[in-house]
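J.: Heads up: the sequence lines are chains A and B, in that order.
Oh and the first sequence: position 98 is 98 in our numbering, straight run, nothing missing.
Oh and the second sequence: position 129 is 1129 in our numbering, straight run, nothing missing.
Just so it is clear, CB atoms sit at the ideal spot from N, CA and C, and this is done for glycine as well.
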Amino acid sequence: MRHRAIIVCLAIVLALITLFVELHAQAPQPQGQGQQVQGQGQGQGQGQGQGQFGGRGRGGRGQPTGPSKPTPRWADGHPMLGALAGEKGIWGACCGSLSNAQTPYQPWAKALYDYRRNNEFEPHTRCKPSGGARQFVTPYGTEIVEMPELQKIVIFDIGGPHTFREIFLDGKPHPANLVPSYYGDSRGHWEGDTLVVETTGFNESFWMDRAGSPHTEKLRFTEKFTRTDFDTLRYEVTVDDPGAYTATWSNTFQMRWNGGQELFEYVCQDNNFAPVLLVGQEERVDRTSVIIP
Amino acid sequence: MRLKAAVIFCLLAGLAAGVAGFAQEGHPLTGLWYGDWGPNATQRNHLTIQMQWDGKSVMGIVNPGPDSFPLKVATLDSSKWTVHIEADGKDEKGSPAHFVADGKLENIGSYNRTITGNWNYGTTKGTFKLRRD
Chain A
1 MRHRAIIVCL AIVLALITLF VELHAQAPQP QGQGQQVQGQ GQGQGQGQGQ GQFGGRGRGG
61 RGQPTGPSKP TPRWADGHPM LGALAGEKGI WGACCGSLSN AQTPYQPWAK ALYDYRRNNE
121 FEPHTRCKPS GGARQFVTPY GTEIVEMPEL QKIVIFDIGG PHTFREIFLD GKPHPANLVP
181 SYYGDSRGHW EGDTLVVETT GFNESFWMDR AGSPHTEKLR FTEKFTRTDF DTLRYEVTVD
241 DPGAYTATWS NTFQMRWNGG QELFEYVCQD NNFAPVLLVG QEERVDRTSV IIP
Chain B
1001 MRLKAAVIFC LLAGLAAGVA GFAQEGHPLT GLWYGDWGPN ATQRNHLTIQ MQWDGKSVMG
1061 IVNPGPDSFP LKVATLDSSK WTVHIEADGK DEKGSPAHFV ADGKLENIGS YNRTITGNWN
1121 YGTTKGTFKL RRD
């Protein structure tokens, strides 16, 4: 009788441990996998969570239901970043916040970042395009379309301004005397299975992430896209902006594949109710102008 | 002659509109600031300052045009959002004057943020207000 009670007790403990391990394995992992600061002789491996709205759009982060299929590839062998021919699919949102406590801000940039955390009045909420990593934080995800015959890749936003960025793969350098723009000028090349994209020529009219990390026109953005399996896109970002930071710094995220989904019509100006929720203490939103400043 | 003047005016107006319509989210002082200054509420003078952050310091020019003069000092204390400006220009009578101004940056997250504060040169004092356009 006594032995039976001990066995039942052990069985219950074992079941609880198994349940705990199972639940932990299913819990979403933080997206930021580690930030590194260059120029300071050290790297900080620190996980980082989502920004306020990162990864919560309709496109979401998508949860794989089983083992992922292998990375799809083009005939020349390099990974396919978009959907297979005849199929649909988009990448779920990622990287709400690029920065963390180790980000090497200049004092004014840190103060402005802190201010924005409490006074959200982001250009994106006013239907403005948002370059850098912010492009991947739009609600409903993004679609990557490769055009080998044109030697370029186009990344489409679905929510927000519903616009797109072109990445040129023709080997030409950035044009001289770029006029600053929201998406800048993106030039890409393949390094093994990784697409490396260098972007410069940004204007200062947007936030480069959802959290409000400031930048200046000196910003150079390096992105590394690696489709590690069918459902996963590893996204590594390096920020080089001597106007706002004291050193270059980087962070790594993952995007999840949402098969079967595609672009749909979304007109920000018609559906722009978000500012009511996103202005924070900055409540003086001028709604009298037809042009959104 | 009139046509030429009109064309120049339109070009300048277009350029000004383009600058004004370009939102700026980088360094809080960068941009074109309009406002006025004066010793009291009734004696006011138009004031335009163009400021630009180069990554290390703020540079700028007061009243761009034939009577412009550069900013000698322009600093932002981001712990208090205060602004300190010094410039060597001319007063209302055209005499050389060293202006010193201290103001407070407000409504920072807005496209149309403002700087308000006090200025002086010698014993002359007054207030100023600038709005970013």
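Mind listing which residues of the region 105-137 of chain A have their C-beta closer than 7 Å to chain B's C-betas, in chain order?
T.: Pro107, Trp108, Ala111, Leu112, Tyr115, Arg116, Asn119, Phe121 and Pro123
J.: Under 9 Å between the Cβ atoms of Gln261(A) and Gly96(A)?
T.: Counted from its first residue, the first sequence places residue 261(A) at position 261. Counted from its first residue, the first sequence places residue 96(A) at position 96. No, Cβ-Cβ distance for Gln261(A) and Gly96(A) is not below 9 Å.
J.: If you measure from the beta carbon of Ile1049(B) to each beta carbon in chain A, is any gap under 9 Å?
T.: As a position in the second sequence, residue 1049(B) is number 49, starting the count at 1. Not an interface residue.
J.: Would you verify that the beta carbon of His1027(B) is, or is not, closer than 9 Å to some beta carbon of chain A?
T.: Start at 1 with the first residue of the second sequence, and residue 1027(B) comes out as number 27. Yes, because at least one Cβ of chain A sits closer than 9 Å to the Cβ of His1027(B).
J.: Per DSSP, what kind of secondary structure is Asp270(A) in: helix, strand or coil?
T.: Locating residue 270(A) in the first sequence gives position 270, where the first residue counts as 1. It is helical.
J.: Would you mind reading off the limits of the alpha helix (DSSP H) that contains Leu112(A)?
T.: By one-based count along the first sequence, residue 112(A) stands at place 112. Run containing Leu112(A): Pro107 to Asn118, per the alpha helix (DSSP H) assignment.
J.: Which one of Ala247(A), Tyr105(A) and Gln151(A) has the shortest CA to CA distance from Ser186(A)?
T.: Residue mapping note: residue 186(A) aligns to position 186 of the first sequence, counting from 1. Ranking Ala247(A), Tyr105(A) and Gln151(A) by Cα distance to Ser186(A) puts Gln151(A) first.
J.: Looking at the secondary structure, which residues open and close the beta strand (DSSP E) in which Val137(A) lies?
T.: The residue you call residue 137(A) lines up with position 137 of the first sequence. Val137(A) -> no beta strand (DSSP E), and no H or E assigned at all.
J.: Apart from the five residues just before and just after Phe264(A), which ones in its own chain have a Cβ nearer than 8 Å to its Cβ?
T.: Taking the first sequence and counting its residues from 1, the one referred to as residue 264(A) is at position 264. Here the set comprises Tyr140 and Ile158.
J.: Just to confirm the assignment, what range does the beta strand (DSSP E) spanning Leu1047(B) have?
T.: For the purposes of this step, residue 1047(B) is taken as the residue at position 47 of the second sequence. Segment Asn1045 to Trp1053, the beta strand (DSSP E) holding Leu1047(B).
J.: On the CB-based measure, 16 or more other CB atoms within 10 Å of its CB, does His215(A) come out buried or exposed?
T.: Numbered from 1 along the first sequence, position 215 holds the residue referred to as residue 215(A). His215(A) is buried by the Cβ-count criterion.
J.: Extract the residue ranges of the alpha helix (DSSP H) inside the region 167-237 of chain A, only unbroken runs of 4 or more that lie entirely within it.
T.: none
J.: Can you check whether the C-beta of Ser1057(B) is within less than 9 Å of a C-beta belonging to chain A?
T.: Position 57 of the second sequence, counting from 1, holds the residue named residue 1057(B). Chain A, which has no Cβ nearer than 9 Å to the Cβ of Ser1057(B), makes this no.
J.: Smallest Cα separation from Tyr266(A): which of Phe202(A), Ile153(A), Gln254(A) and Pro161(A)?
T.: In the first sequence, the residue the question calls residue 266(A) occupies position 266. Checking every option, the nearest Cα to that of Tyr266(A) belongs to Pro161(A).
J.: Quick one: using the 10 Å Cβ neighbour count with 16 as the cut-off for buried, is Ser1079(B) buried or exposed?
T.: As a first step, residue 1079(B) must be located in the second sequence, where it is residue number 79. That one is exposed.
J.: Where Gly1094(B) and Tyr183(A) are concerned, what is the direct C-alpha to C-alpha distance, given to the nearest angstrom?
T.: To locate residue 1094(B), count along the second sequence from 1; it is residue 94. To locate residue 183(A), count along the first sequence from 1; it is residue 183. Answer to the nearest angstrom: the Cα atoms are 46 Å apart.
J.: Suppose you measure from the CA of Gly188(A) to the CA of Arg1113(B); what does that come to, to the nearest Å?
T.: Position 188 of the first sequence, counted from the start, is the residue given in the question as residue 188(A). Position 113 of the second sequence, counted from the start, is the residue given in the question as residue 1113(B). Cα-Cα distance, rounded: 38 Å.
J.: Tell me which same chain residues have a C-beta within less than 6 Å of the C-beta of Leu1029(B), skipping the five on either side of it?
T.: Counted from its first residue, the second sequence places residue 1029(B) at position 29. Closer than 6 Å at the Cβ level, and outside the excluded window around Leu1029(B), lie Met1051, Val1058 and Leu1076.
J.: How about the region 69-79 of chain A and the region 190-204 of chain A: do they share at least three Cβ pairs that are nearer than 8 Å?
T.: yes
J.: Leaving out the 5 sequence neighbours to the left and right, which residues in its chain are closer than 8 Å to Ser1068(B) when beta-carbon positions are compared?
T.: The sequence position of residue 1068(B) within the second sequence is 68, counting from 1. Correct list, in chain order: Ile1061 and Val1062.
J.: For His1084(B), does the three-state DSSP call read helix, strand or coil?
T.: Counting from 1 along the second sequence, the entry for residue 1084(B) is found at position 84. His1084(B): strand per DSSP, three-state reduction.
J.: Using a Cβ cut-off of 8 Å, pull out every chain A residue sitting near Ser1078(B), in sequence order please.
T.: Taking the second sequence and counting its residues from 1, the one referred to as residue 1078(B) is at position 78. For Ser1078(B), the chain A residues whose C-beta falls within less than 8 Å of its own C-beta are Pro107, Trp108, Lys110, Ala111 and Leu112, listed in chain order.
J.: If Pro315(A) and Glu217(A) are in contact, beta carbons under 8 Å, what's the gap, nearest whole angstrom?
T.: The shown model of chain A, from 1 to 293, leaves out residue 315(A), and the question about it has no answer.
J.: Residues in its own chain within less than 8 Å of Asp170(A) by CB, not counting five upstream and five downstream?
T.: Your numbering for residue 170(A) matches position 170 in the first sequence. Non-local beta-carbon contacts of Asp170(A) in its own chain, meaning distances under 8 Å to residues more than five positions away in sequence, involve Gln151 and Lys152 in chain order.
J.: Could one say the Cβ of Pro242(A) lies closer than 9 Å to chain B's Cβ atoms, at least one of them?
T.: By one-based count along the first sequence, residue 242(A) stands at place 242. Using a CB distance cut-off of 9 Å, Pro242(A) counts as an interface residue toward chain B.
J.: Residues in the region 1105-1125 of chain B with C-beta within 8 Å of chain A's C-beta atoms, listed in sequence order?
T.: Asn1107, Ile1108, Gly1109, Ser1110, Tyr1111 and Asn1112
J.: Taking Trp1053(B) as the query, report the chain A residues whose CB atoms sit under 7 Å from its CB, ordered along the chain.
T.: In the second sequence, counting from the first residue as 1, residue 1053(B) sits at position 53. Those within 7 Å of Trp1053(B) in chain A are Thr216 and Gly243.
J.: State the Cα-Cα distance for the pair Tyr105(A) and Gly86(A), rounded to the nearest angstrom.
T.: Sequence index remark: in the first sequence, residue 105(A) carries index 105 (1-based). Sequence index remark: in the first sequence, residue 86(A) carries index 86 (1-based). Using only the alpha carbons, I get a separation of about 46 Å.
J.: I'd like to know if Tyr183(A) contacts chain B, where contact means its C-beta is closer than 9 Å to some C-beta of that chain.
T.: Reading the first sequence from its first residue, position 183 is the one you call residue 183(A). Tyr183(A) does not count as touching chain B.
J.: Against chain B, with Cβ distances strictly below 9 Å, would Ser205(A) count as a contact?
T.: Position 205 of the first sequence holds residue 205(A). So, interface residue.
J.: Can you find a C-beta in chain A that's less than 9 Å from the C-beta of Thr1030(B)?
T.: Reading the second sequence from its first residue, position 30 is the one you call residue 1030(B). Chain A, which has a Cβ nearer than 9 Å to the Cβ of Thr1030(B), makes this yes.
J.: From Gly212(A) to Thr200(A), what does the alpha carbon distance come to, in whole angstroms?
T.: Translated into the one-based positions of the first sequence, residue 212(A) becomes position 212. Translated into the one-based positions of the first sequence, residue 200(A) becomes position 200. So the two alpha carbons sit approximately 19 Å from each other.
J.: Taking DSSP as the reference, what is the three-state secondary structure of Thr1116(B)?
T.: The sequence position of residue 1116(B) within the second sequence is 116, counting from 1. It is a strand residue.
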